[in-house]
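Asks: Those letters in the sequence shown? Residues -19 to -1, 1 to 275, by mature numbering (1 follows the signal peptide of the UniProt record, and there is no 0).
Have a look at this one.
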Amino acid sequence: MKKLILAVSLLVSSYYAQAQIKGVKHVILIGMDGFGAYSFQKADNPNMKQMMQDGSYTLQARSVLPSSSAVNWASMVMGAGPEVHGYTEWNSQKPELPSRELDKYGLFPSIYTLLREQKPAAEIGVIYSWDGIGYLFPKEAVNKAVACHDNDSLASANAIDYIKSKKPDFLFIHFDEPDGTGHNIGHNTPEYYNQVHINDIRLGEIFQAVKDAGMWNNTIILLTADHGGIKKGHGGKTMEEMQIPWIIRGPGIAKNHEIKNSVVTYDTAATLAWIFGLKTPAVWTGRPVKEAFK
């Protein structure tokens, strides 16, 4: 009987994913809509720049094409490009092309599905300002989903409360700015840079919430974007539209390290899965950005 119990215990422990990086218990992905890498160095964003010093980064990560919102938010969490997951337009609410593979929720496999299946007890949250995010993840796979209807202040407040109250294993926070300012006033304008500064303040507040929750030393935080922009739009093939920041800090991350290898937004999902020790589906094309780790 004891041998049977031991065998079952070993089977269970081998099935459920174990984190690859020692000391990591939580991962927070923060996405800022329309945040072009071109603007990073010129902005007043001390928290973001401190995050670069504390971790690994590249300002040459690329979106998939077209450089639009739903296409890239889907790619970011689904580990593949639009040719495979099927979301091809800025406001896709369902795949315009048949998804090459479907999970048990009827969507292309995402980091949320992998976590729920391989870490069943995980606390998973999605807090998002743009309502379009709500079509890109399986509601049944997460513990908390909050749509904040283009209100970044509300998204930040909900995220801070959730971090402190639930200490989530994985949390995705989406901010709608500076994309709104880019569309209404323009990219590379004083108003756009001011919005990046406001985003930086919100980032600092999230950092403080992680510290207040006692999670700072065992949390990896990854900051990135879906696309940049030029003039009052995006979706094209310019570097202003395609290049995005990709910054990661936390235990096991190399400090003040500029990533030299190519990073595409679908590598984000692969990196998250690698951190958590999850087995990824063959249909994913993303690769973990291992260069960022010690």
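Note that beta-carbon positions come from the ideal geometry of N, C-alpha and C, so glycine has one too.
On a predicted model such as this, the values are computed, not experimentally measured, just so you know.
Would you check if the stretch 217 to 232 and the stretch 181 to 191 touch, i.e. whether three or more CB-CB distances between them fall below 8 Å?
Replies: Verdict: no, contact absent.
Asks: Just tell me which of K212, L40, I202 and S44 has its CA closest to the CA of H164.
Replies: The residue you call residue 164 lines up with position 183 of the sequence shown. Among K212, L40, I202 and S44, the Cα nearest to that of H164 belongs to K212.
Asks: Return the bridge partner residues of G12 from the DSSP annotation.
Replies: In the sequence shown, the residue the question calls residue 12 occupies position 31. The partner list for G12 (beta bridge, DSSP) reads H155 and T205.
Asks: Going by other Cβ atoms of all chains shown within 10 Å of its Cβ, with 16 needed for buried, is G62 buried or exposed?
Replies: Position 81 of the sequence shown, counted from the start, is the residue given in the question as residue 62. With 16 or more Cβ atoms within 10 Å of its Cβ, G62 is classed as buried.
Asks: I108 to H66, Cα distance in whole Å?
Replies: Numbered from its first residue, the sequence shown carries residue 108 at position 127. Numbered from its first residue, the sequence shown carries residue 66 at position 85. Going by the C-alpha atoms only, they are around 22 Å apart.
Asks: Any idea what DSSP makes of S(-6), helix, strand or coil?
Replies: By one-based count along the sequence shown, residue -6 stands at place 14. Summary for S(-6): the model assigns pLDDT 41, below 50, so the residue's position carries little reliability, and this model does not support an answer.
Asks: Per DSSP, what kind of secondary structure is K75 in: helix, strand or coil?
Replies: Residue mapping note: residue 75 aligns to position 94 of the sequence shown, counting from 1. In this structure, K75 counts as coil in the three-state DSSP scheme.
Asks: Counting Cβ pairs, one atom from each stretch, are 3 or more of them under 8 Å apart for the stretch 187 to 202 and the stretch 167 to 177?
Replies: Taking 8 Å as the limit for Cβ pairs, the verdict is that the stretch 167 to 177 does not touch the stretch 187 to 202.
Asks: From what residue to what residue does the alpha helix (DSSP H) around T162 run?
Replies: Stepping through the sequence shown from its first residue, residue 162 is reached at position 181. Note, T162: alpha helix (DSSP H), D160 to N165.
Asks: I need the straight-line Cα distance from A129 to W111, nearest angstrom please.
Replies: Mapped onto the sequence shown, residue 129 falls at position 148. Mapped onto the sequence shown, residue 111 falls at position 130. This sequence places Cys at residue 129; Ala is not what is there. Spanning the two alpha carbons is a distance of roughly 7 Å.
Asks: Going by DSSP, what residues sit across from E239 in a beta bridge?
Replies: Position 258 of the sequence shown, counted from the start, is the residue given in the question as residue 239. Y38, per the DSSP bridge assignment.
Asks: Under a three-way DSSP split, which group does R97 fall into?
Replies: Counting from 1 along the sequence shown, the entry for residue 97 is found at position 116. Helix at R97.
Asks: Do D207 and G17 have their C-beta atoms closer together than 8 Å?
Replies: Reading the sequence shown from its first residue, position 226 is the one you call residue 207. Reading the sequence shown from its first residue, position 36 is the one you call residue 17. Result no, Cβ atoms of D207 and G17 do not sit closer than 8 Å.
Asks: Ordered along the chain, which non-local residues of its own chain (more than five positions away) have a Cβ less than 6 Å from that of F153?
Replies: The residue labelled residue 153 in the question sits at position 172 within the sequence shown. Correct list, in chain order: L10 and V107.
Asks: Are at least three pairs of beta-carbons, each pair with one atom in the stretch 64 to 81 and one in the stretch 113 to 120, less than 8 Å apart?
Replies: Yes, the stretch 64 to 81 is in contact with the stretch 113 to 120.
Asks: For W255, which three-state DSSP category applies?
Replies: One-based indexing of the sequence shown puts residue 255 at position 274. W255 falls in the helix class under three-state DSSP.
Asks: When burial is assigned at 16 or more other CB atoms within 10 Å of the CB, is S243 buried or exposed?
Replies: Position 262 of the sequence shown, counting from 1, holds the residue named residue 243. It is exposed - the Cβ of S243 has fewer than 16 other Cβ atoms within 10 Å.
Asks: G17 by DSSP, collapsed to three states: which one?
Replies: Position 36 of the sequence shown, counting from 1, holds the residue named residue 17. The answer is coil: DSSP assigns G17 none of H, G, I, E or B.
Asks: With a threshold of 16 other CB atoms inside 10 Å of the CB of S37, please say whether the residue is buried or exposed.
Replies: In the sequence shown, residue 37 corresponds to position 56, counting from 1. Buried is the call here.
Asks: Could you check whether N180 and F151 sit closer than 8 Å to each other, using their CB atoms as the reference points?
Replies: Residue numbering aside, residue 151 sits at position 170 when the sequence shown is read from its first letter. Residue numbering aside, residue 180 sits at position 199 when the sequence shown is read from its first letter. No, they are not a contact pair.
Asks: Can you give me the C-alpha to C-alpha distance between K218 and A140, rounded to a whole angstrom?
Replies: Within the sequence shown, the letter at position 237 stands for residue 218. Within the sequence shown, the letter at position 159 stands for residue 140. For K218 and A140, the distance between alpha carbons rounds to 33 Å.
Asks: Can you check whether the CB of T205 is closer than 8 Å to the CB of A42?
Replies: By one-based count along the sequence shown, residue 42 stands at place 61. By one-based count along the sequence shown, residue 205 stands at place 224. Contact flag set, yes.
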